[in-house]
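Residue numbers (this note's numbering): 1219 to 1434.
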Amino acid sequence: MENESQVSQLESALLNQAQTLAREEMRNAEVVCNRIRSEASARLKLLEERETLTAKSDAERLFRRRIQTEETHLSSELDRLRWTLSETVLSKVKEALQNLTQDQPRYFQVLSTFLADGTHTLPAGALVVEVNAIDLSRLLPVWTEFTRNAAPDRKIELVVHDLPSIGGMRIRTEDNRVRLDQTFESRIARLEEDIARIAMEQLFSGRPNLDQLIQL
């Protein structure tokens, strides 16, 4: 009986010890589990923050790309519009200049101004004025009077040039060392930037002022 009692006590002690160890292991396991959960939560929060920052950065890059795309598109449209307006105005200017050549009193006044300005710009001495064939036939009969009014102190010869031209004139020294091109085509070419600027201004102000362009 005594042996059985000792065995029973031993079993009870072992059972208590096992239960105590089990409780300790459970507490340790719970601590580890809580630590793992905490670390996992922290990593998940960090990952979410990183993903949020990445998403924001991607969204900002996408927004900037869209803005740049729109700016490029708008710039292209403005360039196209500027070109179209410039070409339209140039066409109307050429038409207005063509009409000007048909108004002989007014046209001759423009040519007289060109000649007077040219004589002040070019060096002293005899000059040669080159015009298209139509203007040559119109100016020759009145050339003496024309030069007397525009440049009374200069000897000026009138000749024809072979360039396609609406009108205007080229003035050069007799030795052809200095030349002033006052044909309408050359004046338009020199003033294309001004014409483009005026064309863009007219986009917001209304009908182009062709008289202003002619007098440029």
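Every residue, glycine too, gets a C-beta built ideally from N, C-alpha and C.
These numbers come from a predicted model, not from an experiment.
Ranked by how close their Cα comes to the Cα of Arg-1390, the residues Glu-1305, Leu-1296, Phe-1332, Ala-1277 have Phe-1332 in first place.
In this structure, Val-1349 sits near Met-1387, with a CB-CB distance shorter than 8 angstroms.
In the structure shown, the three-state DSSP call for Arg-1324 is helix. Contact between the stretch 1365-1379 and the stretch 1308-1327 is absent: fewer than 3 CB-CB pairs across the two stretches fall below 8 angstroms.
Remark: C-beta atoms of Ile-1413 and Val-1307 approach each other more closely than 8 angstroms. The straight-line gap separating the alpha-carbon atoms of Gln-1320 and His-1291 is approximately 44 angstroms. Sequence-distant partners of Val-1396 (beyond 5 residues in either direction) whose C-beta falls short of 8 angstroms from its own C-beta, in its chain, are Leu-1340, Pro-1341, Arg-1390.
Under the three-state reduction of DSSP, Val-1396 is assigned to coil, being neither helix nor strand.
Counting only runs that start and end inside the stretch 1351-1407, the alpha helix (DSSP H) elements of at least 4 residues fall at 1351-1357, 1361-1368. Between the alpha carbons of Asp-1371 and Glu-1295 lies a gap of roughly 54 angstroms. Rounded to whole angstroms, the Cβ separation of Ile-1384 and Phe-1402 is 5 angstroms, and the two are in contact under 8 angstroms.
If you draw a straight line from the Cα of Leu-1381 to the Cα of Lys-1312, it is about 16 angstroms long.
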